[in-house]
Amino acid sequence: MQSSARDYKPLSGKVAVVTGASCGIGAAISRQLAAAGAKVAMAARRENLLKEIQDEISKEGGGALAVKCDVTNRAEVKELIQHTESTLGPVDILVNNAGIWVIRCMKNLHEEEWDQQVDVNIKGVLNCIGAVISGMCERKSGHIVNMSSEYGMKPAVGFAVYTGSKFFVEGMSRTLRQEVCKDGVRVTCIQPGDVETPGLATTLTTMDDEQCKQLYTYPFPYPVLEPEVIAQAVLYAVTAPDHVAVNEILVQPREGPL
11 MQSSARDYKP LSGKVAVVTG ASCGIGAAIS RQLAAAGAKV AMAARRENLL
61 KEIQDEISKE GGGALAVKCD VTNRAEVKEL IQHTESTLGP VDILVNNAGI
111 WVIRCMKNLH EEEWDQQVDV NIKGVLNCIG AVISGMCERK SGHIVNMSSE
161 YGMKPAVGFA VYTGSKFFVE GMSRTLRQEV CKDGVRVTCI QPGDVETPGL
211 ATTLTTMDDE QCKQLYTYPF PYPVLEPEVI AQAVLYAVTA PDHVAVNEIL
261 VQPREGPL
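Letter by letter, the sequence shown follows residues 11 to 268 of our numbering.
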C-alpha cells in the first residue's frame with residue numbers, strides 16, 4: 011500500500027527543542043515540527059500553557075515534552091537539554107524562539123527593560139546554543155534556528171535595544187555558521203515581519219511613549235502574518251537536504267513596509 015502525502019514525516023526520528031513555546035510563534039513551530047514527525051521538547055516559563063500544547067500534540071499522534079525553563083538561567087537551560095536528551099534522545103534541532111520586545115525611545119531611560127531584552131534576546135540565545143553546540147559538532151549533525159526579526163535588518167524608532175539584540179543574533183549566527191559548517195551543523199536565521207501574536211496588540215495598545223504613539227498604531231492598515239507562516243519557514247529550513255544551507259529567511263506581509 012502506498013503512503014499518502016499526509017503520512018510523510020520528514021522529521022521522523024529527529025529531536026527538536028523549541029524555546030518560547032507556550033504561545034504564538036513558538037507554539038506554532040512546536041505543532042508543525044511534531045506534525046512532521048519530530049519529538050519536540052517545548053520550553054517556556056508558563057508550564058500550564060506548555061502542558062495544553064503537549065496534550066494537543068499527543069492527541070494528534072505526535073511526541074512532545076513540556077519543560078518549564080527560563081532561558082536567561084544557564085543552569086536551567088542545561089537541565090532542559092539534559093532532560094530532553096535523556097527522555098527523547100540527542101537534540102537534532104534547536105529553535106531559539108524566546109524573545110521580548112518593548113517600544114520605547116531610549117531617551118526615556120527604561121533601563122530595566124533594556125536589561126530584560128538583552129538577557130532574553132542575547133544571553134538566552136547564547137545559553138541555549140552553548141548547551142547543544144558541542145554535542146552537535148561531535149555527532150557531525152545538527153541545526154540551530156535563531157529567531158531574528160525584520161528589525162535585525164533595519165533601524166526603527168522605539169526599537170533601539172530590540173534592534174540591537176537582533177543585530178547581535180544576525181552577526182553571531184553568520185559567524186557561527188562559518189565555524190561549524192564543516193562539522194555538519196547548519197545555522198539559520200528566520201526574520202519575521204509583523205506577526206499576530208498575543209503580545210502584539212498588548213504592546214501596541216499600551217504604549218506610553220508619546221513619540222512612538224505617533225508612529226505605530228493598531229490594528230495595522232494591512233493583513234499581518236499568522237504564526238503558522240513563520241512555523242512553515244522554520245519547517246522549510248530544517249527539512250532541506252543535508253548538503254543545503256538555508257541561511258536566512260525574511261518573511262513579511264506583502265503590503266507591509268519593507
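Where a beta carbon is used, it is the ideal one built from N, C-alpha and C, also for glycine.
Where A38 is concerned, the enclosing alpha helix (DSSP H) starts and stops at 34-45.
Pairing V50 with L75 gives a Cβ-Cβ distance under 9 Å. Using a Cβ-Cβ distance cut-off of 8 Å, the segment 225-234 and the segment 182-192 are not in contact, since fewer than three pairs of beta carbons, one from each stretch, lie closer than that value. DSSP places N58 in the uninterrupted alpha helix (DSSP H) bounded by 57-69.
By the Cβ-count criterion, R41 is buried, with 16 or more other Cβ atoms from all chains shown falling within 10 Å of its own Cβ. Secondary structure note for L75: its beta strand (DSSP E) is the uninterrupted segment 73-78.
Just so you know, the alpha carbons of M163 and N257 end up roughly 14 Å apart. If the five residues before and after N118 are omitted, its C-beta is found closer than 8 Å to the C-beta atoms of D219, all from its own chain and listed in chain order. Counting the other CB atoms within 10 Å of its CB gives K150 a total below 16, which places it among the exposed residues. The alpha-carbon of E123 is positioned some 9 Å away from that of V171. Judged by DSSP in its simplified three-state form, N118 adopts helix. Under the three-state reduction of DSSP output, E258 falls in the strand class. Around the beta carbon of R184, fewer than 16 other beta carbons lie within 10 angstroms, which makes this residue exposed. When H153, P165, T216 are compared, the shortest CA-CA separation from P251 is found for H153.
Rounded to whole angstroms, the gap between the alpha carbons of V167 and L98 is 43 Å.
For the 9 Å CB-CB criterion, Q262 and P202 form a contact.
The alpha-carbon of S175 is positioned some 27 Å away from that of T94. A residue is called buried when at least 16 other Cβ atoms come within 10 angstroms of its Cβ; E160 meets this threshold and is buried. Looking at the backbone, the Cα of C222 and that of G73 are separated by about 43 Å. Checking the DSSP bridge columns, you'll see K133 has no partner listed. Closest by C-alpha distance to A31, out of L136, M146, V105, is V105. In the same chain as F178, and ignoring 5 residues on each side of it, the C-beta atoms closer than 7 Å to its own belong to I132, in chain order. In this structure, I110 is the residue among I110, Y18, G71 with its C-alpha nearest to the C-alpha of A54. For Y18, the closest alpha carbon among the candidates A38, V27, A45 is that of A45.
As the crow flies, the alpha-carbon of V28 is around 27 Å from that of P165.
Distance between L245 and L260, taken at the CA atoms: about 14 Å. If you draw a straight line from the Cα of T249 to the Cα of N83, it comes to about 30 Å. Judged by DSSP secondary structure, L104 falls within the beta strand (DSSP E) whose first and last residues are 103-106.
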